[in-house]
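Below is one structure, written out as structure tokens; comments come after it.
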Amino acid sequence: MQIIPKSHPRAKSLLIREKLVNGFDNGLVAKEGLLAQGRGEAFDYLLGEKTGKAAMRAIKAAAAQLLLAEMPVISVNGNIAALCPKQIVKLSKQIKGKIEVNLFYTNENRKQAIVKTLKKNGASEVLGSKIGSSTKLSGIDSARRIVDKNGIFVADVVVVPLEDGDRTTALRKAGKTVITFDLNPLSRTSQTANITIVDNVTRSVDLLVEECKKMSKNNKKSLYKIIADFDNKKNLRESVNQIRDNLTRRSKIA
Ligand code: ATP
Ligand code: MG
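Throughout the sequence shown, residue numbering follows our numbering, covering 3 to 256 in sequence.
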């Protein structure tokens, strides 16, 4: 493992990258996951590597949605298991939601490695890995449509961090309310989800846990209002503007 001094100007970003590389070496992350990380990094750079106002608004809407959910499920892939397993388990406990391993590039060994990591980080149950527990979503081809019949299949709200656009569309078609973390406000997932948190999941997952904790005291009516007042398309435009404003500022000093 590479030693990254804290004083390095890009220390935080490099540490996240190291987590992914370690995850790859430990059999959690797919090769394609490394590429997804690279795409994410580029957008993070353009966003100014901070949680903007639009992301914060989406986090609040997501918290309200999760607190109102009857059966929330968090979908975990290799990147998430490598980046923030502890925080994901914390989120699942806070919202009394289930965790399901759901891989874009299916691989049994990788799935088991992810389950092991989640359990090591405090998960009591991880769906998506038991023989005989899978079923299929309609409207999507190949292995990508497989979900756990006790998890995503029956969930009302699904959290899908770093998801692919086809799967997000299939989840919407299946009637699920979809919450995603995606650094690219232009991706199909960002555009298709009900609530898109345009931020690095490593920064915002803790903020989501905090908001869920804070808002758990709110009455249902106020939670419904937060969701009704939230407009994902408008919010995504604000994230695009955050990039534009950041670039405008940088174009003056670069
Ligand atoms: P789509 O299929 O939705 O159009 P895509 O094909 O461009 O997206 P995918 O590889 O399918 O990209 O999805 C990965 C997404 O995750 C990318 O949009 C990438 O920006 C985002 N991403 C990568 N790392 C992170 C991270 N740490 N936090 C949040 N988002 C991330
Ligand atoms: Mg994709």
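Every residue gets a Cβ at the ideal spot worked out from N, C-alpha and C, and that includes glycine.
key: Alpha-carbon to alpha-carbon, LEU22 and LEU36   = Within the sequence shown, numbered from 1, the residue matching residue 36 stands at position 34. Within the sequence shown, numbered from 1, the residue matching residue 22 stands at position 20. Using only the alpha carbons, I get a separation of about 7 Å.
Integer-rounded CB distance, given that ASP150 should sit under 8 Å from VAL136 = As a position in the sequence shown, residue 136 is number 134, starting the count at 1. As a position in the sequence shown, residue 150 is number 148, starting the count at 1. This sequence places Ser at residue 136; Val is not what is there. About 6 Å; that satisfies the 8 Å criterion.
ask   = Under 7 Å, do LEU85 and THR204 count as touching if we go by C-beta distance?
value = Translated into positions along the sequence shown, residue 85 becomes position 83. Translated into positions along the sequence shown, residue 204 becomes position 202. The answer is yes: Cβ separation under 7 Å.
task = Would you mind sorting PRO87 into buried or exposed? The rule is 16 or more other CB atoms within 10 Å of its CB.
result = Residue 87 sits at position 85 when you count from the first residue of the sequence shown. Result: buried.
Residue of GLN89, ILE61, GLU102, ALA60 minimising C-alpha distance to MET73 = As a working note, residue 73 is residue 71 in the sequence shown. Out of GLN89, ILE61, GLU102, ALA60, GLU102 has the C-alpha closest to the C-alpha of MET73.
ask   = Which of the three DSSP states, helix, strand or coil, is assigned to VAL31?
value = In the sequence shown, the residue the question calls residue 31 occupies position 29. Reduced to three states, the DSSP call for VAL31 is coil.
ask   = Looking at C-beta atoms only, is the number of pairs between the segment 125 to 141 and the segment 152 to 166 that lie closer than 8 Å three or more?
value = The segment 125 to 141 vs the segment 152 to 166: in contact.
task = Scan the segment 59 to 107 and note each continuous alpha helix (DSSP H) run of 4 residues or more that stays entirely inside, going in chain order.
result = 80 to 85, 87 to 97
inquiry  = Just to confirm the assignment: which complete beta strand (DSSP E) runs, minimum length 3, are found wholly within the segment 118 to 187?
reply    = 136 to 138, 148 to 150, 159 to 161, 179 to 183
message = Whole angstroms are fine: how far does the CA of SER131 sit from the CA of ILE148?
response = Counting from 1 along the sequence shown, the entry for residue 148 is found at position 146. Counting from 1 along the sequence shown, the entry for residue 131 is found at position 129. For ILE148 and SER131, the distance between alpha carbons rounds to 11 Å.
key: Neighbourhood of PRO187 by C-beta, 6 Å cutoff - its chain only, sequence neighbours within 5 removed   = Residue numbering aside, residue 187 sits at position 185 when the sequence shown is read from its first letter. VAL200, LEU238, SER241, VAL242.
query = Do you know whose CA, among GLY80, THR198, VAL91, ILE228, lies nearest LYS33's CA?
reply = Indexing the sequence shown from 1 puts residue 33 at position 31. Ranking GLY80, THR198, VAL91, ILE228 by Cα distance to LYS33 puts GLY80 first.
ask   = What's the C-alpha gap between ALA172 and GLY134?
value = Within the sequence shown, numbered from 1, the residue matching residue 172 stands at position 170. Within the sequence shown, numbered from 1, the residue matching residue 134 stands at position 132. For ALA172 and GLY134, the distance between alpha carbons rounds to 22 Å.
ask   = Can you name the start and end residues of the beta strand (DSSP E) that THR198 belongs to?
value = Taking the sequence shown and counting its residues from 1, the one referred to as residue 198 is at position 196. That run of the beta strand (DSSP E) goes 197 to 199.
task = Using a threshold of 7 Å, state whether the C-beta atoms of ALA64 and LEU210 are closer than that.
result = Working through the sequence shown from its first residue, we reach residue 64 at position 62. Working through the sequence shown from its first residue, we reach residue 210 at position 208. Yes.
inquiry  = As a quick exercise: from GLN114, ILE82, LEU129, pick the residue whose alpha carbon is nearest that of GLY99.
reply    = Within the sequence shown, the letter at position 97 stands for residue 99. The candidate whose alpha carbon is nearest that of GLY99 is LEU129.
Any residue whose CB is nearer than 6 Å to a heavy atom belonging to ligand 2, listed in chain order = Listed along the chain, these residues meet the criterion: ASP166, GLY167.
request  = Can you say whether GLY42 is buried or exposed, counting buried as having 16 or more other CB atoms within 10 angstroms of its CB?
outcome  = Locating residue 42 in the sequence shown gives position 40, counting from the first residue. GLY42 is buried by the Cβ-count criterion.
query = With distances taken from CA atoms, which of SER15, LYS118, VAL162, VAL180 is nearest GLY50?
reply = For the purposes of this step, residue 50 is identified with residue 48 of the sequence shown, where counting begins at 1. Measuring from the Cα of GLY50, the nearest candidate turns out to be SER15.
Residues near ILE228 in its chain [Cβ-Cβ closer than 7 Å; skip 5 each side] = Looking up residue 228 in the sequence shown gives position 226. Closer than 7 Å at the Cβ level, and outside the excluded window around ILE228, lie LYS62, ALA63, ALA66.
ask   = Closer than 6 Å: is that where the CB of LEU22 sits relative to any heavy atom of ligand 1?
value = Here the question's residue 22 lines up with position 20 in the sequence shown. Not under cutoff, so the answer is no.
inquiry  = Going by DSSP, what residue range makes up the alpha helix (DSSP H) through LYS236?
reply    = Position 234 of the sequence shown holds residue 236. Segment 234 to 255, the alpha helix (DSSP H) holding LYS236.
inquiry  = Short of 7 Å in beta carbon distance, which residues of its chain neighbour ALA56, apart from the five on each side in sequence? Order them along the chain.
reply    = Start at 1 with the first residue of the sequence shown, and residue 56 comes out as number 54. Here the set comprises VAL200, ASN237, GLU240, SER241, GLN244.
query = ARG190 to GLY40, Cα distance in whole Å?
reply = Here residue 190 refers to the residue found at position 188 of the sequence shown. Here residue 40 refers to the residue found at position 38 of the sequence shown. One C-alpha to the other measures close to 17 Å.
task = Have a look at GLN89 and ALA83 and give me their C-alpha separation to the nearest angstrom.
result = Reading the sequence shown from its first residue, position 87 is the one you call residue 89. Reading the sequence shown from its first residue, position 81 is the one you call residue 83. In a straight line, the C-alpha of GLN89 is about 10 Å away from that of ALA83.
ask   = Hey, how far is the Cα of THR277 from the Cα of ALA71?
value = Nothing in the structure corresponds to residue 277, since the chain is present only between 3 and 256.
request  = Report all residues from its chain with a CB closer than 6 Å to the CB of ILE97; omit the five preceding and five following residues, and keep chain order.
outcome  = Start at 1 with the first residue of the sequence shown, and residue 97 comes out as number 95. Result list for ILE97: LEU68, PRO74, CYS214, in chain order.
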